[in-house]
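These notes concern the structure reproduced below.
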Amino acid sequence: MTNLKKFAQYDYVDRFMALKSIGDIGTPEAVDFIKKSRSDAQYQSENGFLYFVNLYLGD
0 MTNLKKFAQY DYVDRFMALK SIGDIGTPEA VDFIKKSRSD AQYQSENGFL YFVNLYLGD
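Residues in the sequence shown are numbered consecutively from 0, following numbering that gives the first Met the number 0.
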């Protein structure tokens, strides 16, 4: 199972906090994970998720 698939099985709040923690790490792998999160359906439908993704990508 890929990291994104594992990530998808959690509730929204858990996903937000996990995404924030990954962003705080700041490694190239962490940034790549956050970039891939843009393809998640929640990115289009949930403002909190969109906020965290854009926060760490500087958008």
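Beta carbons: idealized from backbone N, C-alpha and C, even for Gly. Nothing here was measured: the structure is a model prediction, and the numbers come from that model.
Neighbourhood of residue i by C-beta, 7 Å cutoff - its chain only, sequence neighbours within 5 removed
i   : result
F51 : F15, L18, K19, G22
K34 : L56
Minimum C-alpha distance to residue i - residue among the options
i   : options     : result
L56 : N2, I24, T1 : I24
Neighbourhood of residue i by C-beta, 6 Å cutoff - its chain only, sequence neighbours within 5 removed
i   : result
S36 : V52
F32 : I21
G47 : F15
L49 : Y42
The alpha helix (DSSP H) enclosing residue i, as first and last residue numbers
i   : result
D23 : 11-24
D31 : 27-36
G47 : 46-56
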